[in-house]
Amino acid sequence: MKLLRLEKRWSQEELAQLSDLNVRTIQRVEKGESVGIETLKSLASVFEISTDELIDAIARGKQTPVKENEVTSIDQSQQREARERVKSIKYFYALSAFLVG
Numbered sequence: 290m291k292l293l294r295l296e297k298r299w300s301q302e303e304l305a306q307l308s309d310l311n312v313r314t315i316q317r318v319e320k321g322e323s324v325g326i327e328t329l330k331s332l333a334s335v336f337e338i339s340t341d342e343l344i345d346a347i348a349r350g351k352q353t354p355v356k357e358n359e360v361t362s363i364d365q366s367q368q369r370e371a372r373e374r375v376k377s378i379k380y381f382y383a384l385s386a387f388l389v390g
């Protein structure tokens, strides 16, 4: 996942803000530690990929560690847009779970 983040030129802090997660959670994911499905859904939505693709990216990151180079910030409008996208996806999943349950 670190490679995905660096391709977007996001810091861990920026990814945490965009996905509405804690920086420590981002660090755990990048280390390949176990995380919940809601975390994976939030991250996948920010990267605009499926959770399966994200899981594959995390697995690849374990095999081939990525060195972090200089990372630039994204502008506030991109952050706001990504946050809104994540919120709408979280709402969709919450509503789906409610209707199914």
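Per the working numbering, residue 290 is the first one in the sequence shown, and the count goes up by one each step.
Here a beta-carbon is modelled for each residue, glycine too, at the ideal position from N, C-alpha and C.
Residue interval of the alpha helix (DSSP H) (run including I326): 326–336
C-beta contact flag for L293 and A346 at 7 angstroms: yes
Anticipated Cβ contact below 8 angstroms, V375 with V335, distance rounded: 6 angstroms
L310 (DSSP reduced to helix, strand or coil): coil
Cβ neighbour criterion (16 or more within 10 Å) applied to S339: exposed
Residue of G321, L329, S331 minimising C-alpha distance to R349: G321
Cα-Cα separation, E302 to D341: 24 angstroms
Simplified DSSP state of E319, which is helix, strand or coil: helix
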